[in-house]
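In the working numbering, the protein residues as written are 104 to 343. In what follows, a structure is listed as structure tokens, so that the remarks can point back to it.
Given below as structure tokens:
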């Protein structure tokens, strides 16, 4: 009994200490705009519940829309050419309105979200270098037009990615239940890796290489010349 009592007290102490480390801040409902001058960058990653709106254009701009009393807890900084948008450590934001980040840059090499936020490309994204899109969590990515020599899409979690456009090489990786919908992304060579229940819709005209470990399916359009598959589980390849 003494051991059980001591264990219960210890658990309560640990829970109290853990909760004290985090400050919860509820939004006051008054949405304002903050322009951040962070210099040049070619990639953006957000951590939290931010919705990221991306524009390819001249110059570099970063604009945040959030509630007045939450703004000071939102940090922006550029590390190794990558703009990082985060919430200050030790703070849990509870907004009443969506927190939005609007960025403009001449080119983007990487766009990623960690959390429940979304990424929306408001213009076509064009690059002469490889471009990578990533989701860690439940957020979604929507890109209506992208043109690059190589495009990589990574999902870890339940988020979904939808892309259209043109590329030579495409790599799709899912670890979890998220879906990649790239039926309208025209590719020559496509490589797919699924670990879990996520599904991929793709297009391929030359070489298709599929690896499935789990229940995920790969739907593919086009008439690839070479098709390789390695499936461990109940997943399927479905020609459309």
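Every residue, glycine too, gets a C-beta built ideally from N, C-alpha and C.
Rounded to the nearest angstrom, the gap between the Cα atoms of residue 330 and residue 296 is 14 Å. In the DSSP assignment, residue 227 falls outside any beta strand (DSSP E) and carries neither an H nor an E. Just so you know, the alpha carbons of residue 263 and residue 307 end up roughly 20 Å apart.
Pairwise C-beta distances place the stretch 139-153 in contact with the stretch 205-214, as three or more of them are shorter than 8 Å. With respect to the C-alpha of residue 136, the residue from 125, 126, 200 having the closest C-alpha is 200.
Residue burial is scored here from C-beta neighbours: residue 270 has at least 16 other C-beta atoms within 10 angstroms and is therefore classed as buried. For residue 132, there is no enclosing beta strand (DSSP E), as DSSP marks it with neither H nor E.
Taken atom to atom, the span from the alpha-carbon of residue 186 to that of residue 161 is near 17 Å.
In its chain, beyond the 5 residues on either side, 245, 284 have a beta carbon closer than 6 Å to the beta carbon of residue 265. The straight-line gap separating the alpha-carbon atoms of residue 261 and residue 218 is approximately 10 Å. In the structure shown, residue 163 falls within a coil segment according to DSSP collapsed to helix, strand and coil. Counting the other Cβ atoms within 10 Å of the Cβ of residue 304 gives 16 or more, which makes it buried. Within the stretch 285-319, the complete beta strand (DSSP E) runs of at least 3 residues fall at 292-299, 303-306, 310-317. In this structure, the CA atom of residue 163 is about 15 Å from the CA atom of residue 188.
For the pair of segments examined, the stretch 169-181 was found not to touch the stretch 234-251: the number of CB pairs separated by less than 8 Å stays below three. Under the three-state reduction of DSSP output, residue 175 falls in the helix class.
When the five nearest sequence neighbours on each side are left out, the beta carbons in the same chain lying within less than 6 Å of the beta carbon of residue 294 are those of 274, 312, in order along the chain. DSSP places residue 198 outside any beta strand (DSSP E), giving it a letter other than H or E. In the displayed model, residue 260 falls within a strand according to three-state DSSP. When the five nearest sequence neighbours on each side are left out, the beta carbons in the same chain lying within less than 6 Å of the beta carbon of residue 257 are those of 237, 276, in order along the chain. Apart from sequence neighbours up to five positions away, the residues of its chain that approach residue 281 with a beta-carbon distance below 7 Å are 238, 258, 260, 261, 262, 263, 301, ordered along the chain. Between residue 176 and the set 316, 232, 279, 127, the nearest pair of CA atoms involves 127.
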